[in-house]
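Take a look at the structure set out below.
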Amino acid sequence: MKERRRAGQDWTRSASSATTFAPVSLVLITGGAGFIGSHLATRLVQAGRAVRVLDNLDPFYDVALKRRNVVAVAGAASVAGGRFEFVEGDIRDRETCRRAVAGVDVVVHLAALAGVRPSIAEPSRYMDVNVTGTQTLLSAIDNRATAFVFGSSSSVYGGNTKVPFVEDDPVDRPVSPYAASKKAGEIVCHAFHHLRGNPVTCLRFFTVYGPRQRPEMAIHQFARHITNGTPLPFFGDGASRRDYTYVDDIVAGVVAAMERTSGYAIYNLGGAATTSLQEMVTALEQVLGKRAVLQRLPDQPGDVPVTYACVKKAARELGYASPTPFAVGVARFCAWYSSEKKAGRIP
Ligand SMILES: NC(=O)c1ccc[n+]([C@@H]2O[C@H](COP(=O)([O-])OP(=O)(O)OC[C@H]3O[C@@H](n4cnc5c(N)ncnc54)[C@H](O)[C@@H]3O)[C@@H](O)[C@H]2O)c1
Numbered sequence: 018m019k020e021r022r023r024a025g026q027d028w029t030r031s032a033s034s035a036t037t038f039a040p041v042s043l044v045l046i047t048g049g050a051g052f053i054g055s056h057l058a059t060r061l062v063q064a065g066r067a068v069r070v071l072d073n074l075d076p077f078y079d080v081a082l083k084r085r086n087v088v089a090v091a092g093a094a095s096v097a098g099g100r101f102e103f104v105e106g107d108i109r110d111r112e113t114c115r116r117a118v119a120g121v122d123v124v125v126h127l128a129a130l131a132g133v134r135p136s137i138a139e140p141s142r143y144m145d146v147n148v149t150g151t152q153t154l155l156s157a158i159d160n161r162a163t164a165f166v167f168g169s170s171s172s173v174y175g176g177n178t179k180v181p182f183v184e185d186d187p188v189d190r191p192v193s194p195y196a197a198s199k200k201a202g203e204i205v206c207h208a209f210h211h212l213r214g215n216p217v218t219c220l221r222f223f224t225v226y227g228p229r230q231r232p233e234m235a236i237h238q239f240a241r242h243i244t245n246g247t248p249l250p251f252f253g254d255g256a257s258r259r260d261y262t263y264v265d266d267i268v269a270g271v272v273a274a275m276e277r278t279s280g281y282a283i284y285n286l287g288g289a290a291t292t293s294l295q296e297m298v299t300a301l302e303q304v305l306g307k308r309a310v311l312q313r314l315p316d317q318p319g320d321v322p323v324t325y326a327c328v329k330k331a332a333r334e335l336g337y338a339s340p341t342p343f344a345v346g347v348a349r350f351c352a353w354y355s356s357e358k359k360a361g362r363i364p
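Just so we're aligned: the sequence shown equals residues 18 to 364 in this note's numbering.
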């Protein structure tokens, strides 16, 4: 597996000499070139934290988008006078992980193959990256004080129809390889915590959206089809409901979880409200000022009828409060989408 440090290049900064963060505090974000990870990295460097990103720039979606995310984080670090280091490497490689965790006091593990539907085509690859990769990363941590935050998923709740979903609901009936890999990730994290004592927090993210959202995710994909006037794949009757979470809320929850210094805990991070597929399309049509052309298709295997987060535990213990209303977040997403489109940076 290749690993390259890019400290000397334009889009990477590693300039700690003149900075002023209080205790030396280095955060490793795996998957930090991706959608959520790059937002988290930006927030942290702006707050004066030193950040190292480990990401293999997996070609699941356009790698140019990930490179641009890294450039954006490097730019934010430069403006804030913070330290940022990008390591291109794979979480399945032991030596890469050993070097990436050196000197780190918090690991936020977001590197994964994401997405329910593609996992059905390639289950073994999903298990390899999401489970074996997680174990390889955990095994590399030799400091018992290093806190570990794991990016889990609402998909672990499977076809649960008792809403809202609460952290101690049964999660032993996943309906896709992706969901199974995320539950397995929580389990290997628990074994690591039990044996090594490190503080571990698993965060179950509920469908995250906002600027830089992955291009294959529904909101981004639908905005593209509506804008371009191309048929929008509309699965089922439009009644399926999702709890959509604005990316800034996820980042706030992750930052709070990074401060936990003991135990093993699981929290939902969601918008704490649901929006139907039909309502989501209507919201996009209204903001983008254009009607969608629907291509009606049957429900997909692996899809679930509803996701809905109870966030009371996160509110109580992480101070997670007042998630962004969907209408507000969608308007912000569309503003980003339209400006990127106008600049010719996305299709
Ligand atoms: N976006 C959501 O709605 C959502 C919901 C629930 C959970 N999650 C989880 O949050 C995390 C981040 O999701 P995202 O939407 O930002 O996805 P993303 O695909 O944009 O980011 C994941 C990053 O991981 C990297 N990666 C993949 N395989 C790797 C490997 N073997 N080694 C190193 N890096 C690797 C990718 O290159 C990518 O940059 C993932 O763990 C995902 O499962 C996301």
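Cβ coordinates follow ideal geometry from the N, Cα and C atoms, glycine included.
Secondary structure within the region 272-315: the beta strand (DSSP E) runs of 3 or more consecutive residues, fully enclosed, are 281-286, 310-314 (chain order).
Rounded to the nearest angstrom, the gap between the Cα atoms of residue 288 and residue 261 is 6 Å. Under the three-state reduction of DSSP output, residue 255 falls in the coil class, being neither helix nor strand. As DSSP reads the structure, residue 221 sits in a beta bridge with 169, 285. Under DSSP, the beta-bridge partners assigned to residue 226 are 263. In the same chain as residue 269, and ignoring 5 residues on each side of it, the C-beta atoms closer than 8 Å to its own belong to 337, in chain order. The C-beta distance from residue 168 to residue 126 rounds to 6 Å, short enough to fall under 8 Å. Approximately 6 Å separates the beta-carbon atoms of residue 128 and residue 72; this is inside 8 Å, confirming the contact. Secondary-structure assignment with DSSP links residue 148 through no beta bridge to anything.
Looking only at 274, 240, 323, the smallest Cα-Cα distance to residue 291 is reached by 323.
The criterion of a C-beta distance shorter than 7 Å is not satisfied by residue 311 and residue 239. DSSP lists no bridge partner for residue 236. Contact between residue 286 and residue 328 holds: CB atoms are separated by about 7 Å, below the 8 Å threshold. Rounded to the nearest whole angstrom, the CA to CA distance from residue 335 to residue 222 is 14 Å. For residue 131, the three-state secondary structure derived from DSSP is coil. Just so you know, the alpha carbons of residue 257 and residue 235 end up roughly 13 Å apart. In terms of side-chain proximity, the C-beta atom of residue 335 is found no nearer than 6 Å to any non-hydrogen atom of ligand 1.
For residue 180, the secondary structure class from DSSP, reduced to helix, strand or coil, is coil.
Shown here, residue 158 sits in coil according to DSSP, grouped into three states, outside any helix or strand.
The beta carbon of residue 242 is closer than 6 Å to those of 249 in its chain, skipping five residues each way along the sequence. Distances from the alpha-carbon of residue 355 to those of 166, 56, 77, 245 put 245 closest. Judged by their CB atoms, residue 91 and residue 101 are nearer to each other than the 7 Å cut-off. In this model, residue 162 and residue 47 are separated by some 18 Å (Cα to Cα). The C-alpha of residue 297 lies about 40 Å from the C-alpha of residue 114. Listed in chain order, the non-local C-beta contacts of residue 43 below 7 Å within the same chain comprise 67, 69, 120, 121, 122, local neighbours out to five positions each way being set aside. Residue pairing by DSSP places residue 204 in no beta bridge whatsoever. In this structure, the alpha-carbon of residue 253 lies about 30 Å from that of residue 265. Bridge partners of residue 249 according to DSSP: 311. Note that the C-beta distance between residue 198 and residue 319 is not below 7 Å.
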